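Please read the structure below before turning to the comments.
There are 2 protein chains.
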Amino acid sequence: MALEHAILVSLLEQPGSGYELARRFDRSIGRFWTATHQQIYRVLRRMETDGWISVEEVAQDGRPDKKVYSAAAPGRTALAAWLREPVEAETVRHELAVRIRAAAFDDPAALIPEVERHRDGHAALLAHYLYGEGRDFPAPDTLDARQRLQHVVLRGGIEYERMTLAWLDDVLATLRELAADTATPSSDSGTGTAAPTSTSTSTSTD
Amino acid sequence: MALEHAILVSLLEQPGSGYELARRFDRSIGRFWTATHQQIYRVLRRMETDGWISVEEVAQDGRPDKKVYSAAAPGRTALAAWLREPVEAETVRHELAVRIRAAAFDDPAALIPEVERHRDGHAALLAHYLYGEGRDFPAPDTLDARQRLQHVVLRGGIEYERMTLAWLDDVLATLRELAADTATPSSDSGTGTAAPTSTSTSTSTD
DNA sequence: GCTGCCATGTAATCAGTTACATGATTGC
DNA sequence: GCAATCATGTAACTGATTACATGGCAGC
């Protein structure tokens, strides 16, 4: 239910068309909230009928016309009300964690390439964030309110990537150790499928 | 599309009924993948017709009967295939980050209680994780493959909470500074609604 | 008598994804 | 000639959430 609000913030930061918003959702805002262009167009129409945003049709030379949206007063009011609502608990979807636990019932080594791919992706994103930080916030003491809030969100992204990177290295080390363990012992040779099948497990980790 | 697989992992770790699974999804597995009981019952039926899991009806004294599900061979095969598929990019939904950027167009101080509530929640979860780690993994060198993988996932949760806690303190410090800035200056008194309205913003943070 | 736990479900709705469609312009 | 970018949309489907429903037992 927050796509409306994410769009509002983006339009307050800078008015734009549905297409432009879709591009922003592939970049800056998209790090925190994903949306496809179909979704965006649908929500924009709803927001317009609700009076949250206003449209201006802009004719262009050589390019299709576009509808430039900007936040209207009722939208601002709705945003202020939303800020005062309690935050709903974030629904987590961390597929990699599920896969790591799943690896116990298959060959742990099979996961290594995937985790490496992830690791590299996070490393690249961290480098990208750090570059962006140096470019956009070179003098952190001279920033206005908006920039300081953008900066603290970016710092969150940077710390998240740093932490994830370190954790994925930990995961890789664990997987490699387990792969070495199952490879060397003499018993249970062949497929490499390590399935302990112990009935006792009540490690709740609750 | 990974709820099936999360359920499979949970049933491989320990067979159980839909109700028991729903409770697990409020606890251990639920940290990485959320699901309500309605969703779980629906997926369990689909998985059963697909032959991924087998059922055993268990009559109980004083309590309603339950259907105890366990992972079947085709389910294991499907899990192994899934582990070898490329991981789809995680769709992020970080509402708090959107709200922080939104605070620039309203009173930043209005967010402080919410962020504090979040901070406290993450601190409690971190303490809980650390307690669970001490209880379930007291001797990290004597663990089997399954436990070592569970442990590395738990370490990820711990590091995530630590990082989030530190970041939320950073956010709170920023919000409090901004609240102090808008409270003290003589100009633009009254509502405390700080809206810069500068047209120049093209800080892409891409 | 009320709340809470165990245990399973149906129905309606909302959000999000995937596939398909159009059409002009710019650059290789 | 082909792919990519700009720009907007429809339609069908899958996944997730919310609300409602049932019913016995245990403990206060």
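The listed protein sequences derive, respectively, from chains A and B.
Heads up, the first sequence is in numbering that gives the first Met the number 0, so the first residue is 0 and it goes up one at a time.
Heads up, the second sequence is in numbering that gives the first Met the number 0, so the first residue is 0 and it goes up one at a time.
For every residue, glycine included, the Cβ atom is placed at its ideal position computed from N, Cα and C.
Quick caveat: nothing in here was measured; it's all calculated off a predicted structure.
**Message:** Considering only their Cβ atoms, is the gap separating V97/B from H4/A smaller than 9 Å?
**Reply:** yes
**Message:** Taking DSSP's pairing of strands, which residues face W32/A in a bridge?
**Reply:** R92/B, per the DSSP bridge assignment.
**Request:** Evaluate the contact criterion for the segment 61–72 of chain B versus the segment 37–52 of chain B: three or more CB pairs, one atom per stretch, below 8 Å.
**Result:** yes
**Request:** For A193/A, collect the residues of the same chain with a Cβ closer than 6 Å to its Cβ; drop the 5 residues on either side in sequence, then sort them by chain order.
**Result:** Unreliable placement is indicated for A193/A, whose pLDDT of 45 sits below 50; the coordinate value is still reported in the next sentence. The residues are T181.
**Prompt:** Sorted by chain position, which residues of the same chain lie with C-beta nearer than 7 Å to W81/B's C-beta, five sequence neighbours on each side aside?
**Reply:** Answer for W81/B: H4, listed in chain order.
**Asked** Quick one: which chain A residues come within Cβ less than 7 Å of I99/B?
**Response** L148, V151, V152
**Message:** List, in chain order, every chain A residue whose beta-carbon is nearer than 8 Å to that of P107/B.
**Reply:** Against chain A, a Cβ distance below 8 Å from P107/B picks out A144, L148.
**Asked** Does the beta-carbon of P107/B have 16 or more other beta-carbons within 10 angstroms, so that it is buried, or is it exposed?
**Response** buried
**Item:** Beta bridge counterpart(s) of S9/B as assigned by DSSP
**Value:** None, per the DSSP bridge assignment.
**Item:** Classification of D105/B by the beta-carbon crowding that lies within 10 angstroms, buried from 16 upward
**Value:** buried
**Asked** Pairing CB atoms from the segment 112–128 of chain A with CB atoms from the segment 158–174 of chain A, are three or more of them under 8 Å?
**Response** Verdict: yes, contact present.
**Asked** Sorted by chain position, which residues of the same chain lie with C-beta nearer than 8 Å to R92/A's C-beta, five sequence neighbours on each side aside?
**Response** none
**Message:** Assess contact between the segment 129–143 of chain B and the segment 141–152 of chain A, defined as three or more Cβ pairs (one per stretch) separated by less than 8 Å. Is contact present?
**Reply:** no
**Request:** Identify whether V86/A lies in helix, strand or coil by the three-state DSSP scheme.
**Result:** coil
**Message:** Can you give me the C-alpha to C-alpha distance between E56/A and K66/A, rounded to a whole angstrom?
**Reply:** CA-to-CA, the gap between E56/A and K66/A works out to about 4 Å.
**chain B within 9 Å of T33/A, Cβ atoms only** = yes
**Proximal residues of chain B, C-beta to C-beta of L78/A below 8 Å** = A101, F104, D105
**Same chain only: Cβ atoms within 8 Å of D64/A, ignoring 5 sequence neighbours per side** = E56, V57, A58
**Request:** Under 8 Å between beta-carbons, which chain A residues line up against T206/B? List them in chain order, please.
**Result:** Residue 206/B is absent from the structure shown; chain B starts at 0 and stops at 205.
**Prompt:** Hey, does E158/B have any beta-carbon neighbour from chain A nearer than 9 Å?
**Reply:** yes
**Item:** N- and C-terminal bounds of the beta strand (DSSP E) containing A70/A
**Value:** 65–70
**Message:** Within a Cβ cutoff of 8 Å, which residues of the same chain sit near E84/A, ignoring the five residues on either side of it in sequence?
**Reply:** none
**Request:** Output, in chain order, the set of chain A residues within a Cβ distance shorter than 7 Å of R75/B.
**Result:** F104
**Prompt:** To the nearest angstrom, how far is it from the Cα of R22/B to the Cα of H36/B?
**Reply:** 8 Å
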